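Numbering (my numbering), first residue to last: 105 to 454.
Built from N, CA and C at the ideal position, the CB exists for glycine as well.
Since we're looking at a predicted model, the values are computed, not measured.
Report on the following structure.
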Ligand SMILES: C[S@@+](CC[C@H](N)C(=O)[O-])C[C@H]1O[C@@H](n2cnc3c(N)ncnc32)[C@H](O)[C@@H]1O
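Structure representation (structure tokens):
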């Protein structure tokens with residue numbers, strides 16, 4: 105059986121104009137030298153981070169996973185109906201363990217749909233486990249995963265032939281990790297890479313009772329704290345960092361103005377930490393924070409405005425019974441001149 109996934113090489117990424125993957129060292133140097141200090145949440149997701157996120161999904165307080173399961177179960181038939189009869193790619197951006205996507209995979213297979221499953225994830229460990237599981241559980245399912253980041257994966261897909269309709273999933277509130285301008289830039293790239301008739305299903309965590317939000321990011325078992333601290337653990341593993349994780353605490357709060365859950369790691373004391381690969385040290389004052397993650401919450405009107413600003417047509421809005429979460433189904437319409445060849449589509453040209 106051919107390999108079910110592959111890691112895009114630097115040469116392949118360069119060929120499609122995508123950025124090289126390994127920027128961790130530069131990001132850490134810039135982020136920890138900044139005032140206030142920051143580290144991008146994208147680095148949380150190495151293999152250990154992906155496993156911790158899967159544990160978060162099992163937590164009672166972490167409602168998004170249950171809400172989206174409920175939506176996909178209720179709407180799987182409707183989604184397939186809108187895809188029609190022609191073969192398509194089921195592209196899963198930031199697939200993780202694909203537990204929710206499997207609701208669609210199972211349904212599509214049972215209905216005899218002809219499709220290829222293309223999970224894309226930055227974590228090779230998550231991809232290895234996901235593709236092995238899909239091959240074992242669904243031997244009839246064609247799976248072709250890509251280990252790369254969102255932007256490179258999107259750029260790579262745009263250069264693939266022959267043309268097949270795509271259903272692109274961006275589930276689990278992944279979009280919430282981006283600021284509004286960043287989310288807009290990502291969706292513009294996706295629109296540019298997409299073909300007319302493609303569908304995207306985007307998960308939006310909706311604004312809600314602030315206590316529900318705070319509980320979801322402050323679980324009593326401390327899984328979210330371990331997940332956040334994996335940033336420091338990863339710097340220790342990959343860059344020869346000397347962070348002592350007990351000397352930092354996880355802190356998550358909601359900013360009512362921006363509508364974001366914000367995560368921090370707060371230094372519990374004055375300390376100096378060396379990072380060997382960077383040949384430098386970083387000084388922390390007592391209670392100095394490192395900003396590590398945004399998770400923006402949306403109003404339905406915010407999500408609609410994002411679709412309109414990035415060229416997508418709103419096809420449907422699917423909600424769970426509590427109204428905590430929305431999966432928005434959008435389609436891609438393009439004037440004929442922008443559909444000539446995949447290569448003719450520039451990025452960020454709108
Ligand atoms: C919040 S989890 C969501 C997983 C799954 N889609 C779900 O809804 O439960 C985010 C996933 O996206 C992956 N990821 C994070 N940043 C990424 C990036 N920049 N490019 C590609 N994948 C990324 C992580 O490895 C992780 O598996």
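Rounded to the nearest angstrom, the Cβ distance from residue 192 to residue 281 is 27 Å, too far for a contact under 8 Å. Cβ-Cβ distances below 6 Å link residue 298 to 436 in the same chain, with the five nearest sequence neighbours on each side left out; the list follows chain order. Closer than 7 Å to some heavy atom of ligand 1: that describes the Cβ of residue 275. Between residue 369 and residue 393, the beta carbon gap of about 7 Å places them in contact (Cβ cut-off 8 Å).
Taking 3 residues as the minimum length, the beta strand (DSSP E) runs contained wholly in the stretch 157–216 are 192–197, in order along the chain. Residue 409 holds the alpha-carbon nearest to the alpha-carbon of residue 288 among 134, 144, 409 and 349.
DSSP, reduced to helix, strand and coil, places residue 271 within a strand of the structure shown. Taking 8 Å as the cut-off, the Cβ atoms of residue 245 and residue 209 count as close. Beta-carbon to beta-carbon, residue 204 and residue 176 are separated by about 6 Å, close enough to satisfy the 8 Å threshold. Excluding its 5 nearest sequence neighbours in each direction, residue 377 has C-beta neighbours in its own chain below 6 Å: 346, 347 and 386, listed in chain order. By DSSP's assignment, residue 141 forms a beta bridge with 394. Per DSSP, reduced to three states, the secondary structure at residue 218 is coil, with no helix or strand assignment. About 23 Å separates the Cβ atoms of residue 211 and residue 250, ruling out a contact at the 8 Å cut-off. Here residue 349 is not near residue 132, since their CB atoms are 8 Å or more apart. By the neighbour-count definition (other C-beta atoms within 10 Å, threshold 16), residue 247 is a buried residue.
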